[in-house]
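*Asks:* Position 155 of the sequence shown, counted from 1, bears residue number 154 in numbering that gives the first Met the number 0, the numbering being contiguous throughout.
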Amino acid sequence: MKIILIALALITNAPFSRFTETRVLQTPAASTQRPVQITARYNKKKDITRLFLQPLFLWGNLTPRQYEDVRLYVGFECRGKKIARPKEVLFSFSSSSENFVSFPSLDFSVSIDGALLELGKLKGRQRNKIDPVDFSRTIYEDESTAISYEYFTRIATANEVTIIIGKRKFDLPSEDIRLLREFHKLMQREGQEIK
């Protein structure tokens with residue numbers, strides 16, 4: 000048995016309270032599909048719940064002096080503690096790289112089953128950290144944009160999806176598209192209580 004974070008409610012129609020981040024003892028499933036993980040965070044002061052799908056790993060390179068890691072976070076928010084179909088879905092990209100910038104251009108588009116959907120420019124920030132020993136520079140980038148629910152629906156229900164940032168292209172594997180599809184199904188559960 001191993002400890003994993005899991006949200007079974009997406010798969011089984013169980014109560015929403017299991018979407019919150021919890022540790023569960025779970026025997027690895029016979030299926031090769033990854034379990035769907037959803038993090039729900041309620042902000043009492045603003046009366047808003049933010050729901051995020053587990054990070055999707057887009058690219059990694061461990062070559063010395065050329066290290067790079069790129070991830071995609073997808074989320075939405077609801078007023079109060081009930082699911083409401085969002086008007087917008089947040090796409091947030093996080094990268095860390097050594098000695099180069101991951102996103103020199105912030106033009107963002109998505110190829111959906113071969114059709115190009117241009118979504119504007121990403122906005123965010125870049126931070127640098129210099130290693131005092133070898134003077135290498137680690138660059139952290141956090142770039143994001145909100146897209147319409149309708150555009151997200153097209154992405155989540157596609158067969159082939161390629162994320163394009165500037166001239167860089169990241170093909171989503173079918174397993175990641177399945178996770179987006181499951182997250183989209185969650186958005187359909189309007190009125191369901193978030194406990």
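Built from N, CA and C at the ideal position, the CB exists for glycine as well.
1) Since Asp141 contacts Arg124 with CB under 8 angstroms, what's their CB separation in whole angstroms?
2) Are Ala83 and Ile193 closer than 7 angstroms when you measure CB to CB?
3) Would you list, in sequence order, the uninterrupted beta strand (DSSP E) runs of no fewer than 3 residues that lie entirely inside the region 141-179?
4) Flag this pair as yes or no: are the beta carbons of Glu117 and Ser108 separated by less than 7 angstroms?
5) Sort out for me which residues DSSP pairs Val109 with in a bridge.
6) Is the beta carbon of Arg64 closer than 7 angstroms to that of Pro54?
7) I think Arg180 touches Ala145, with their Cβ atoms under 8 angstroms apart; what is that distance to the nearest whole Å?
8) State buried or exposed for Ser96, treating a residue as buried only when at least 16 other CB atoms are found within 10 Å of its CB.
9) Going by DSSP, what residues sit across from Arg124 in a beta bridge?
10) Does Asp130 pass the burial test, meaning 16 or more other C-beta atoms within 10 Å, or should it be called exposed?
11) Between the C-alpha atoms of Phe51 and Glu76, what's the straight-line distance to the nearest angstrom?
12) Considering just the uninterrupted stretch of the beta strand (DSSP E) at Ser93, what are its terminal residues?
13) If you reduce the DSSP assignment to three classes, tell me which class Ala28 lands in.
14) Exposed or buried, which one is Pro34 when buried takes at least 16 other CB atoms within 10 Å?
15) Mapping DSSP to helix, strand and coil, what is Leu185?
16) What do you get for Phe99, buried or exposed, if any count of 16 or more other CB atoms within 10 angstroms of its CB means buried?
17) Tell me whether Val88 is buried or exposed, calling it buried when 16 or more other Cβ atoms sit within 10 Å of its Cβ.
18) Excluding the five sequence neighbours on either side, which residues of its own chain have a C-beta within less than 8 angstroms of the C-beta of Ser135, listed in chain order?
*Replies:* In short:
1) Walking along the sequence shown from the start, residue 141 turns up at place 142. Walking along the sequence shown from the start, residue 124 turns up at place 125. That pair is a contact at about 6 angstroms.
2) In the sequence shown, counting from the first residue as 1, residue 83 sits at position 84. In the sequence shown, counting from the first residue as 1, residue 193 sits at position 194. Contact flag unset, no.
3) Within the region 141-179, the beta strand (DSSP E) runs of at least 3 residues that lie entirely inside it are, in chain order, 160-164, 167-170.
4) Position 118 of the sequence shown, counting from 1, holds the residue named residue 117. Position 109 of the sequence shown, counting from 1, holds the residue named residue 108. Against a cut-off of 7 angstroms, the Cβ pair of Ser108 and Glu117 comes out as a contact.
5) Counted from its first residue, the sequence shown places residue 109 at position 110. Under DSSP, Val109 takes part in a beta bridge, and its partners are Leu116, Ile162.
6) By one-based count along the sequence shown, residue 54 stands at place 55. By one-based count along the sequence shown, residue 64 stands at place 65. The answer is no: Cβ separation not under 7 angstroms.
7) Your numbering for residue 180 matches position 181 in the sequence shown. Your numbering for residue 145 matches position 146 in the sequence shown. Cβ-Cβ separation between Arg180 and Ala145: approximately 20 angstroms, too far for a contact (criterion under 8 angstroms).
8) Locating residue 96 in the sequence shown gives position 97, where the first residue counts as 1. The residue in question, Ser96, is buried, as its Cβ has 16 or more Cβ neighbours within 10 Å.
9) One-based indexing of the sequence shown puts residue 124 at position 125. Paired residue(s): Asp141.
10) Counted from its first residue, the sequence shown places residue 130 at position 131. Its Cβ having fewer than 16 others within 10 Å, Asp130 is exposed.
11) Here residue 51 corresponds to residue number 52 of the sequence shown, with the count starting at 1. Here residue 76 corresponds to residue number 77 of the sequence shown, with the count starting at 1. For the pair Phe51 and Glu76, the Cα-to-Cα distance works out to about 9 angstroms.
12) To locate residue 93, count along the sequence shown from 1; it is residue 94. Segment 87-97, the beta strand (DSSP E) holding Ser93.
13) Residue mapping note: residue 28 aligns to position 29 of the sequence shown, counting from 1. Because the pLDDT of Ala28 is 48, which lies under 50, any placement of that residue in the model is unreliable, and the number read from its coordinates should be weighed accordingly. If DSSP states are grouped into helix, strand and coil, Ala28 belongs with coil.
14) The count along the sequence shown starts at 1 and reaches residue 34 at position 35. By the 10 Å Cβ count, Pro34 comes out buried.
15) As a first step, residue 185 must be located in the sequence shown, where it is residue number 186. If DSSP states are grouped into helix, strand and coil, Leu185 belongs with the helices.
16) By one-based count along the sequence shown, residue 99 stands at place 100. That one is exposed.
17) To locate residue 88, count along the sequence shown from 1; it is residue 89. Buried, because 16 or more other Cβ atoms sit within 10 Å of the Cβ of Val88.
18) Position 136 of the sequence shown, counted from the start, is the residue given in the question as residue 135. Within its own chain, the residues whose Cβ lies closer than 8 angstroms to the Cβ of Ser135, once the five positions on either side in sequence are excluded, are Arg64, Glu97, Asn98, Ile129, listed in chain order.
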